[in-house]
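Numbering follows the UniProt record's numbering, with no gaps: position 16 of the sequence shown is 16. Below is one structure, written out as structure tokens, with a few remarks after it.
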Amino acid sequence: MPINFNSPENRHTYFGREAQQEWFDLMQKLVEPRDKEIADIGCGGGIYSLAWLKMGAKKVTCVDFSQQMLADTVENTQGLPNIVIKQGDALCTGLPDSSQDIAFERALIHHISQENRTSCFAEAYRLLRSGGTYILQDRTLQDIQRPGSPEHIRGYLFDIYPHLQYFENQRRPDNIEVIDGLQSVGFKQVKVFSLLEKRTTYKNFLQLAADFQARKGRSILHELSDEEIAHLIRHIEKSLGAETDIVEKDFWTIWTGIK
Ligand SMILES: C[S@@+](CC[C@H](N)C(=O)[O-])C[C@H]1O[C@@H](n2cnc3c(N)ncnc32)[C@H](O)[C@@H]1O
């Protein structure tokens, strides 16, 4: 069953981490966020909304359809004057036409059905000012299919649960389809980038096991029962051996387009 973002037990799922240097470096190459108005759509706990503020954004509007996730954003951004929090759907945010300089969506579109993705892109186009930039960050099938390694821990999942590839196949965006979708709603200069982004460092295996058990920030783990998760953790332990300071990273694709 897919993750229910509105369930109270999923509070703090996209919370308690910080954006990493490699992410900042790439964003800084793609756009100049200083003094800009930025919409972070599907913001989760606001990890990246805060990152945009750190880069000097004038205002960040955090949009998410889940009250639970927005409660995390409120907690994460307390006392910051240039944050606006708004409940809304990525297909229909309620933000005014031509009001934003940058629209950012990280790990959102694989939660939006393929038939609705063009509407999601069109909504971003509508709320951007002329010359504004749309930045989409998500994991394609190629990104997630990289084999398991101490760096790409999520890759171990498919060693023992290959059927989950079918589930991923249904929801993961295809690079060419995204490019075509962006162009079809009017985006110009559509470009594609890759990013290897550090997710977290575990001091030891116990920390990693606890994180996987809590299914933190990995919606695919919600497809597995507690026993299956325990089996996965044993498989990862065997594969990693006695590694300490395990640095988990994820492969991402980034698409940009200009209105
Ligand atoms: C995987 S989380 C990513 C959170 C955050 N962007 C990050 O990278 O840390 C996906 C987020 O998108 C939100 N979401 C999913 N579908 C949505 C929709 N149609 N409209 C608005 N938010 C949506 C979920 O509630 C969740 O907070």
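Note that beta-carbon positions come from the ideal geometry of N, C-alpha and C, so glycine has one too. Small disclaimer: the values here were computed from a predicted structure and weren't measured.
L50 to Q137 span [Cα, whole Å]: Take the alpha-carbon of L50 and the one of Q137: they are about 16 angstroms apart.
Taking buried to mean at least 16 other C-beta atoms within 10 Å of its own C-beta, is N116 buried or exposed? N116 should be labelled exposed.
Who are the Cβ neighbours of D174 in its own chain at under 8 angstroms, not counting the five residues just before and after it? Annotation for D174: T140, L141 place their beta carbon closer than 8 angstroms to its own, counting only its chain and skipping 5 residues before and after.
Proximity of G45 and T77 at Cβ, strictly below 7 angstroms: In this structure, G45 keeps its C-beta atom at 7 angstroms or more from the C-beta atom of T77.
Mind checking S149: buried by the 16 CB within 10 Å criterion, or exposed? In this structure S149 is exposed. Its beta-carbon is surrounded by fewer than 16 other beta-carbon atoms within 10 angstroms.
In three-state terms, what does DSSP make of Y125? For Y125, the secondary structure class from DSSP, reduced to helix, strand or coil, is helix.
Should C62 be labelled buried (16 or more other beta-carbon atoms within 10 Å of its own) or exposed? Counting every other CB atom within 10 Å of its CB across the protein chains shown gives C62 a total of 16 or more, marking it as buried.
At which residues does the alpha helix (DSSP H) containing L232 begin and terminate? Counting along the chain, the alpha helix (DSSP H) containing L232 begins and ends at 226 to 240.
Output the distance between the C-alpha atoms of D250 and E197, rounded to the nearest integer angstrom. The straight-line gap separating the alpha-carbon atoms of D250 and E197 is approximately 5 angstroms.
Apply the 10 Å Cβ neighbour rule to C92 and answer buried if 16 or more other Cβ atoms are within range, or exposed otherwise. Exposed, by the Cβ-count rule.
Suppose the cutoff is 6 angstroms on Cβ atoms and the five residues either side in sequence are ignored; what does the same chain contact list for S113 look like? So the list is empty, once near-sequence residues are dropped.
Looking at the structure shown, is I38 part of a helix, part of a strand, or coil, going by DSSP? Correct three-state label for I38: strand.
Would you kindly check if the distance between the Cβ of V185 and the Cβ of residue 263 is under 7 angstroms? The first residue shown for the chain is 1 and the last is 259, placing residue 263 beyond what the model contains.
Could you check whether the Cβ of A19 sits closer than 6 angstroms to any heavy atom belonging to ligand 3? Questions concerning ligand 3 fall outside what the structure shown contains, since the ligands it does hold are ligand 1.
So for C43, helix, strand or coil by DSSP? DSSP places C43 in the coil class of the three-state scheme, outside both helix and strand.
Measure how close the beta-carbons of A57 and P33 come, nearest whole angstrom, since I'm counting them as under 8 angstroms. Indeed they touch by this definition, with Cβ atoms about 5 angstroms apart.
Could you name each continuous alpha helix (DSSP H) segment of 4 residues or more that falls completely within the region 130 to 214, going from the start of the chain to the end? Every unbroken stretch of the alpha helix (DSSP H) spanning 4 or more residues and falling wholly within the region 130 to 214 is given here in chain order: 141 to 144, 157 to 160, 164 to 171, 175 to 184, 205 to 213.
Would you say the beta carbon of M69 is closer than 6 angstroms to some non-hydrogen atom of ligand 1? Distances between the C-beta of M69 and the heavy atoms of ligand 1 include at least one below 6 angstroms.
Do you know offhand how far W252's Cα is from V192's? Straight across, the Cα-Cα distance linking W252 with V192 is about 10 angstroms.
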